[in-house]
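The numbering used here puts the first residue of the sequence shown at 6, with every later residue one more than the last.
Structure first, then comments.
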Amino acid sequence: MRIIEKSGTLVRTLTPAEEVLARGFASGTLEGHRQLQANQLLMKIRTEGQWLACDCQPHTLPVMNVTLNSNTGTLFLKNNPGTPEHASDCVFIKDERDSEAGAERDEPPAAWLAPDVPLKLIGEFRKGDSTEGERGPATAAQRRDQQRLLSLLVTLIEASGLNVYATHLKKDLTQQFAELRGVAARYPLVDRVPASNYLETRIDMKHMMMLKARLRESPVFANHRRYGLLLDCVSDVRARKLFNDRSDDGFDFQGHHLLWGGAKASGPLLALAIYSPATAGSHFFEMIHVATLPVLSRGHLFPVYRDEEREPLKMLVSLIDWMASKGVKVIMRRPVIGGVEMDELVLSSDLDRVLSVSLVQQPQGPEPSSDTFKRYADFKSLDTFRKYVAGFFMRERE
């Protein structure tokens, strides 16, 4: 059993004693102080934004994340969607999903994509294919292709660390996009062709033409469909048009708009689009599918789950900076892959204090029965909430 970063990088292997705790936790055989030790181990992994990789299979690594159960306020291990299955006799094979909620989803949730595996973001042309943007029922394969674009976007966010905020980790916009490009370099569009080679981090006609020229002249796609990626911070997506401050008319796309969290939010949005011909034999490149994820501001690409979070999130960022000036380092993380409740934020200090908060007005499930979970809606005002969070972390200075 190993602890890994969300980029797939090995952190370390569990000690034999830790592995006994993890297996006992999964099988439900722990009691008393042993149960407490297992919870502490898993909470530390969760707080660090890391995952567990199981070695029950000889050539693949089933991956699990540590999730907070919103019904009980307790931790559990959840198998990441889209990763290899456990061996049939593995104790970690159990998956604590909410089966009813899963049955109601039209599309699978965005999943972590393993690096160094061709992305296959868009299907090949076949004789008689209609255009990608044509309305009508999509095949299961087309839906998987579309969903992988959203999975890539949230994977880029997680693996680049943009879902983490701390004063000492602060980066300007150029550095944030550099992190995204660095992660994209680990994901091939086709075999041995890094996505970063055909990625433009600015959506305008100039950069589209630059990407089109590289794609048309490239020999690496052979008989595969040629496509690249456009990534940028935009102001809105509506009526199959993507809007930013570089064009009053917007930029058309032909396919589907994939939403993180499943609900439309106002901008700014981090948008990732596929750029490719819509039909076989065409030399006209256009945006096909677009995936978006709301972010805090044009200069800070921290993911936002709902519009109502923006004001309290900005307050938390300012508060974290203030606490850092007082010598208390607090890190704020937002899980964007594999979490049951994407509205959850996890704040942790350098002295092992951990607080989970939700900033949305309406809870998505029963309140967790935990002293370290708080909902902003339960406080009288933003100032009251700020004082509570500050007191929670600053008390350790006394």
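Built from N, CA and C at the ideal position, the CB exists for glycine as well.
None of the values given here were measured: they were computed from a predicted structure.
Could you pull the start and end residues of the beta strand (DSSP E) that residue i belongs to?
i	result
alanine 92	Alanine 92 -> no beta strand (DSSP E), and no H or E assigned at all.
isoleucine 279	274-282
valine 362	359-363
alanine 329	From DSSP, alanine 329 is part of no beta strand (DSSP E) but of the alpha helix (DSSP H) over 315-330.
leucine 57	56-58
lysine 125	Lysine 125 -> no beta strand (DSSP E), and no H or E assigned at all.
lysine 379	378-380
glycine 255	252-257
Rounded to whole angstroms, what's the CA-CA distance from residue i to residue j? Just pull it up for me.
i	j	result
arginine 39	alanine 31	13 Å
proline 193	aspartate 376	44 Å
valine 29	leucine 35	Reading off the sequence shown, one finds glycine at residue 29, where the question assumed valine. The alpha-carbon atoms of glycine 29 and leucine 35 are separated by roughly 6 Å.
aspartate 177	proline 89	36 Å
alanine 244	arginine 311	21 Å
lysine 269	threonine 20	44 Å
isoleucine 127	phenylalanine 258	14 Å
threonine 160	threonine 389	35 Å
lysine 211	proline 199	22 Å
methionine 6	alanine 27	9 Å
leucine 124	glycine 13	16 Å
leucine 235	arginine 400	46 Å
threonine 284	methionine 214	18 Å
isoleucine 9	lysine 246	39 Å
valine 335	glutamate 53	12 Å
aspartate 355	valine 169	14 Å
leucine 274	leucine 298	5 Å
asparagine 70	alanine 276	26 Å
asparagine 249	serine 240	5 Å
proline 86	arginine 338	21 Å
phenylalanine 226	arginine 153	19 Å
threonine 18	glutamate 24	9 Å
methionine 5	leucine 82	Absent from the structure is residue 5, since the part of the chain shown begins at 6 and ends at 403.
arginine 391	tyrosine 232	46 Å
valine 362	serine 223	48 Å
arginine 380	glutamine 55	24 Å
alanine 22	asparagine 44	14 Å
leucine 204	arginine 219	10 Å
glutamate 314	valine 188	27 Å
phenylalanine 97	valine 68	10 Å
phenylalanine 130	arginine 197	21 Å
leucine 185	isoleucine 162	7 Å
serine 201	leucine 118	16 Å
Which residues mark the beginning and the end of the alpha helix (DSSP H) in which residue i is found?
i	result
glycine 396	387-399
leucine 185	178-189
lysine 246	Not the alpha helix (DSSP H): lysine 246 falls in the beta strand (DSSP E), residues 246-249.
lysine 175	It is not in any alpha helix (DSSP H) - lysine 175 carries neither H nor E in the DSSP assignment.
alanine 218	210-222
Applying the 10 Å Cβ sphere with the 16-neighbour rule, what's the burial state of residue i?
i	result
isoleucine 342	buried
aspartate 383	exposed
histidine 173	exposed
aspartate 348	buried
histidine 261	buried
threonine 72	buried
aspartate 237	buried
threonine 179	exposed
valine 242	buried
serine 93	exposed
serine 281	buried
phenylalanine 398	buried
arginine 221	exposed
alanine 58	buried
asparagine 228	exposed
serine 386	exposed
serine 271	exposed
serine 353	buried
lysine 331	exposed
glycine 33	exposed
proline 63	exposed
serine 156	buried
histidine 288	exposed
Can you tell me which residues form a DSSP beta bridge with residue i?
i	result
threonine 72	Phe81
valine 169	Arg338
histidine 262	Val295
cysteine 238	Leu275
histidine 305	Ser302
phenylalanine 97	Note: phenylalanine 97 sits in no beta bridge, so no partner.
valine 198	Val195
isoleucine 9	Leu15 and Trp56
asparagine 44	Paired residue(s): none; asparagine 44 is not in a bridge.
serine 354	Val335
arginine 243	Lys246
Open item on the list: In chain order, what are the residue ranges of uninterrupted alpha helix (DSSP H) at least 4 long that sit wholly in the segment 14-39?
Closed with: Entirely contained in the segment 14-39, the alpha helix (DSSP H) runs reaching 4 residues are, in chain order, 21-32.
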